[in-house]
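Here's the structure, in structure tokens; my notes come after.
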Amino acid sequence: MHSRRPVRFPGMVIIAFAATMCARESSAQAPPRAAQATQAGRDGDRVPDYPVRPPAPPQQVSHGQQLFKSNCSFCHGSDARGGEAGPNLVRDEVVLRDQNGELITPIVQNGIPAQGMPRFGLSAAEITDIAAWLHSQPLSDRGAPSTLDVLVGNAKEGEAYFNGAGRCTQCHLATGDLAGIGSRYEPKTIQNLIVSGGGGGRMRRRSAGAAPPVKAPPTTVTVTLPSGRRVQGELDHLSAFVVALRDSAGTYHSFARHDSIPKVVVTNPLQWHIDRLPRWRDADIHDLTAYLVTLK
89 MHSRRPVRFP
99 GMVIIAFAAT
109 MCARESSAQA
119 PPRAAQATQA
129 GRDGDRVPDY
139 PVRPPAPPQQ
149 VSHGQQLFKS
159 NCSFCHGSDA
169 RGGEAGPNLV
179 RDEVVLRDQN
189 GELITPIVQN
199 GIPAQGMPRF
209 GLSAAEITDI
219 AAWLHSQPLS
229 DRGAPSTLDV
239 LVGNAKEGEA
249 YFNGAGRCTQ
259 CHLATGDLAG
269 IGSRYEPKTI
279 QNLIVSGGGG
289 GRMRRRSAGA
299 APPVKAPPTT
309 VTVTLPSGRR
319 VQGELDHLSA
329 FVVALRDSAG
339 TYHSFARHDS
349 IPKVVVTNPL
359 QWHIDRLPRW
369 RDADIHDLTA
379 YLVTLK
């Protein structure tokens with residue numbers, strides 16, 4: 089909902105969390121397991137598939153749940169078991185290996201920009217409370233799909249916000265790229281599109297005959313080497329140590345990073361949505377959802 093602009097990373101990592109945790113899963117070690125049951129095979133005996141932790145204080149768990157719902161549920165689902173944009177965090181290996189938020193904190197505070205996860209201004213103590221709530225969720229219960237009614241907003245106010253304070257018309261048109269969106273997608277998917285810009289993965293269509301979604305333009309990166317040579321292309325990976333991309337010819341490039349060398353400028357066409365995520369008002373999101381659903 090805003091023109092694309094370059095994004096600089098002052099040396100961050102981040103949520104995970106979101107699409108977030110996926111990047112860590114491939115390299116993460118398996119979560120520690122409790123000791124093997126001494127009489128394997130006896131009814132009721134099994135090896136736990138997650139670390140056994142002492143229960144956190146109820147007030148901490150409750151506070152963590154509130155923080156999660158306010159900051160993370162739009163992408164990861166209200167029960168943390170995954171949404172259209174974010175993966176299941178309850179069974180994520182980083183969450184399983186984490187003890188008191190020490191692994192989750194850097195992800196949340198720094199973000200994973202290459203995967204569309206913004207950084208959040210949460211304190212270490214707040215993230216520890218979120219971790220306590222995540223750890224309190226039973227892994228054996230995969231959870232039922234969310235049935236939250238997201239159509240609780242005012243469509244007229246959503247239209248006013250779309251054409252006014254939301255500045256949505258700088259990038260979108262109700263009669264252009266968003267025409268018929270209410271017929272193509274379920275309300276929950278539309279709401280996730282609002283907060284993610286469409287960069288969060290697979291989008292569930294309302295019916296099999298609906299038009300396919302417009303593919304979101306990729307995040308690109310420009311790497312300027314000390315020699316002055318510039319390499320541009322679609323961003324593949326970015327960390328404090330490496331930047332990797334694929335140029336227009338399909339050639340893969342990878343460069344080691346040390347502080348600000350080489351210079352790296354990332355351009356994410358969905359950056360407005362990412363920057364906006366921590367500041368969305370619930371009323372605006374619900375009103376926009378109610379309005380976009382009417383665009384048949």
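Residue numbers (the numbering used here): 89 to 384.
All residues carry an ideal CB built from backbone N, CA and C; glycine is no exception.
All of these numbers come straight from a predicted model, not from anything done at the bench.
| query | result |
| --- | --- |
| Same chain only: Cβ atoms within 8 Å of R318, ignoring 5 sequence neighbours per side | T310, V311, T312 |
| N- and C-terminal bounds of the alpha helix (DSSP H) containing P157 | Checking the sequence, you will find Lys at residue 157 rather than Pro. From DSSP, the alpha helix (DSSP H) with K157 extends over 146 to 159. |
| Boundaries of the beta strand (DSSP E) in which S342 is found, first to last residue | 340 to 344 |
| Separation of H223 from D370, as counted between CA atoms | 26 Å |
| Classification of D335 by the beta-carbon crowding that lies within 10 angstroms, buried from 16 upward | exposed |
| Within 8 Å, strictly: CB atoms of A219 and G189 | yes |
| D375 vs G264 beta-carbon contact at 8 Å | no |
| Where D347 falls, given that 16 or more other Cβ within 10 Å makes a residue buried | exposed |
| Reduced DSSP secondary structure (H/G/I, E/B, other) of S234 | Its pLDDT being 47, under 50, S234 is placed unreliably by the model, and nothing is read from it. |
| Contact belief for V381 with I282 at Cβ below 8 Å, rounded distance in angstroms | With a Cβ gap of about 11 Å, V381 and I282 do not count as contacting. |
| V331 beta carbon less than 8 Å from that of T352 | The sequence shown places Val at residue 352, not Thr. A contact, by the Cβ cut-off of 8 Å. |
| Nearest residue (CA-CA) to A202, options Q258, L177, Q147, T307 | T307 |
| Same chain only: Cβ atoms within 7 Å of P314, ignoring 5 sequence neighbours per side | I349, P350 |
| Buried or exposed by the 16-neighbour rule on C-beta atoms within 10 Å, applied to A402 | Beyond the ends of the chain as shown, which are 89 and 384, falls residue 402; an answer cannot be given. |
| Residue(s) in a DSSP beta bridge with V178 | DSSP lists no partner for V178. |
| Start and end residues, beta strand (DSSP E) containing D324 | 318 to 326 |
| Those residues which DSSP pairs with I192 across a bridge | I192 is not bridged to any residue. |
| Whether G270 touches L383 by CB criterion (8 Å) | yes |
| Straight-line Cα distance separating L333 from A253 | 36 Å |
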